[in-house]
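Since the structure comes first, as structure tokens, the remarks are kept for the end.
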Amino acid sequence: MATKNLCGKTRPVTNPYETWQAGGWTWKVLKKWQADDNKPYARWFCSVTSPMCPHGEMGDVYVAEIKGNAHKVVSDLAGLTTDRSARLS
């Protein structure tokens, strides 16, 4: 059975699923295109700020690029659940 993608809906830049940082770069994860981040070409839709683009740009980024170069500083995944009864209560 396929795993449900809990991060499949796009969030605003002010409320990302996760935030990753490295050397002046910040990736705010606004959507995950698949449930399994370990797939070879897994992608995230991100708002990315850098020293060259301090106001940020949005686009898809390979998960391996982010995880290989940055560290997670914020995660808002704790409240997400696939259990429908938990979401209704």
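Per my numbering: the sequence shown = residues 536 to 624. Virtual Cβ for every residue (Gly too), placed ideally from N, Cα, C. Fair warning: this is a prediction, and the values are worked out from it, not measured in the lab.
Using the rule of at least 16 other Cβ atoms within 10 Å of the residue's Cβ for burial, across every protein chain shown, is residue i buried or exposed?
i: S582; result: buried
i: K574; result: exposed
i: K567; result: buried
Sorted by chain position, which residues of the same chain lie with C-beta nearer than 6 Å to residue i's C-beta, five sequence neighbours on each side aside?
i: V609; result: T554
i: A577; result: Q569 and V598
Going by Cα to Cα distance, which pick from the options is closest to residue i?
i: I601; options: T545, T561 and T538; result: T561
i: G603; options: K567, N540 and D572; result: D572
To the nearest angstrom, report how far apart residue i and residue j are at their CA atoms.
i: V564; j: A537; result: 22 Å
i: R546; j: G558; result: 25 Å
i: D595; j: P551; result: 14 Å
i: F580; j: E592; result: 11 Å
i: V548; j: C588; result: 16 Å
Please look up how many angstroms separate the CB atoms of residue i and residue j, rounded, as I've assumed it's under 8 Å.
i: H590; j: Q556; result: H590 to Q556, Cβ: 17 Å. No contact.
For residue i, collect the residues of the same chain with a Cβ closer than 8 Å to its Cβ; drop the 5 residues on either side in sequence, then sort them by chain order.
i: L612; result: L541, C542, Y552 and E553
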